[in-house]
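Positions 12 to 278 (the working numbering) are the ones given, in order, by the first sequence. Structure record follows, encoded as structure tokens.
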Amino acid sequence: MPELPEVQTIIDGVTTELMGKEIRSLDCFHPGTVIRDPELPEEVFPAEFISSRRRGKYIILNFSGDLSVIVHLRMTGKLVADSSQEGPVNHERACFMLSGSSKLRFIDIRTFGKIILCKTKNLGKFMPDLGMEPLADEFDARYLEKILKNRKAPIKTLMLDQKLIAGLGNIYVNEILYRSKLNPTVPGGEIPLSKLKILAKETKEVLREAISKNGTSISDFRNVDNKTGEFQKFLRVYQKETCPKGHPVSRIKQAQRSTYFCPVCQK
DNA sequence: CAATGATCCTGTCCGC
DNA sequence: TGCGGACAGGATCATT
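Next up, the structure:
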């Protein structure tokens, strides 16, 4: 389940792959995966790659001819560069055919992922309203205070709301709250400014650390558990039995999602 | 507007 | 060995 750091890592890889190339065509193997802006002309390819960027968990690719491609991986989506000539592999939902006879396969077991083709000038219509980027300089205690004011929902749930903060998912929110020593069930509006300062700081720190490790939570969440090395060491409460201090970790459900936290460390 | 809940989907794992 | 059910969760839509 790619979150901000994983999406950033994927964008870096995709950008390298697309640099200096053009899309020749797009094959679709699963109805509903590719969404097309009705204002686009019949033929949009070939289209030359210009630039890429990330917004929350969205990948935004810009091409010549006023074409943009928005990719959202949701939980199980992957973009895999592959120059082999073999046809669709298992769970392949779409495939970009690139110049230089290479391919960019969109593989997505659970089919929640989406590829949107739209006019660049229509990007706003196809992107949802998203909150501030957590790595922006302006993301600080004051911003948190503003978005959490008078909110009664638990802080855990609010931090997952993309309209408030763009890019956080379940794993990182659990980890951020643990490091901030904040109980996930506390109503967002009741957190004092002093704690919001810590929350803002830890949010950035966790994300930066994850990005520097190339978003090691990539791959199926099942594997997160088995993963040895960097990411396994990175996780302190998510899917853990005990926290680093040896206290038993509690697991509860909030808004249909698992929350892992340490009742001793997180007050 | 805010909060909550159902829904989509498939592979994996667990208990019987 | 096989099978049913729980579970994983991002975003969207519906309901209160």
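Here a beta-carbon is modelled for each residue, glycine too, at the ideal position from N, C-alpha and C.
At what residues does the alpha helix (DSSP H) containing F40 begin and finish? Run containing F40: none; DSSP gives neither H nor E here.
On the CB-based measure, 16 or more other CB atoms within 10 Å of its CB, does Q277 come out buried or exposed? By the C-beta density criterion, Q277 is buried, having at least 16 other C-beta atoms within 10 angstroms.
Check whether the region 120-132 and the region 99-106 are in contact - that is, three or more C-beta pairs closer than 8 Å. yes
According to DSSP, residues forming a beta bridge with E156: Residue pairing from DSSP leaves E156 without any beta-bridge partner.
Could you name the residues of the same chain whose beta carbon sits closer than 6 Å to that of T20, not counting the 5 residues immediately before and after it, in chain order? N225 and G226
Considering just the uninterrupted stretch of the beta strand (DSSP E) at L90, what are its terminal residues? G88 to D93
Own chain partners of P99 with C-beta closer than 6 Å, once the 5 adjacent residues on each side are dropped: F40
If we count the other Cβ atoms within 10 Å of its Cβ and call it buried at 16 or more, is A147 buried or exposed? exposed
What did DSSP end up calling V217 once you bin it into helix, strand or coil? Helix, per DSSP.
Whether L175 touches R47 by CB criterion (8 Å): With a cutoff of 8 Å on beta-carbon distance, L175 and R47 are scored as not near each other.
Using DSSP with H/G/I as helix, E/B as strand and the rest coil, what is L179? coil
Nearest candidate by alpha-carbon position, reference K167, set G180, D151 and R85: G180
By DSSP's criteria, L109 is part of a beta bridge. Which residues make up the other side? I34 and S113
Distance check for E53 and L246, CA to CA, integer angstroms please. 47 Å
If L193 sits next to I182, beta carbons under 8 Å apart, how far is it from one beta carbon to the other, in whole angstroms? That belief does not hold up - the Cβ atoms of L193 and I182 are roughly 16 Å apart, past 8 Å.
Assuming P57 contacts E33 (C-beta within less than 8 Å), just tell me the rounded distance between them. Contact between P57 and E33 holds, since their C-beta atoms are separated by about 5 Å, short of 8 Å.
Looking only at DSSP bridge pairs, what is I21 linked to? Answer is none; I21 lacks a bridge partner.
Residue from D77, V25 and C254 whose Cα sits closest to the Cα of K130: D77
When DSSP labels each residue in this structure, what does P16 get in the three-state scheme? helix
Under a three-way DSSP split, which group does A58 fall into? strand
Once the 5 residues before and after Y271 are set aside, which same chain residues still bring their CB inside 6 Å of it? N185, V248, Y249, V260 and R262
Return the CA-CA distance between G200 and H258, expressed in angstroms with no decimal places. For G200 and H258, the distance between alpha carbons rounds to 28 Å.
According to DSSP, is V275 part of a helix, a strand, or is it coil? coil
Have a look at K212 and E97 and give me their C-alpha separation to the nearest angstrom. Near 47 Å, if we compare the C-alpha coordinates of E97 and K212.
Delimiting residues of the beta strand (DSSP E) encompassing K136: Segment L134 to F137 is the alpha helix (DSSP H) holding K136; no beta strand (DSSP E) there.
Taking the C-alpha atoms as reference points, what is the distance between K251 and L210? 21 Å
For L171, the first and last residue of its enclosing beta strand (DSSP E): No beta strand (DSSP E) holds L171; the alpha helix (DSSP H) holding it covers I166 to L171.
Helix, strand or coil for T253 per DSSP? Strand, per DSSP.
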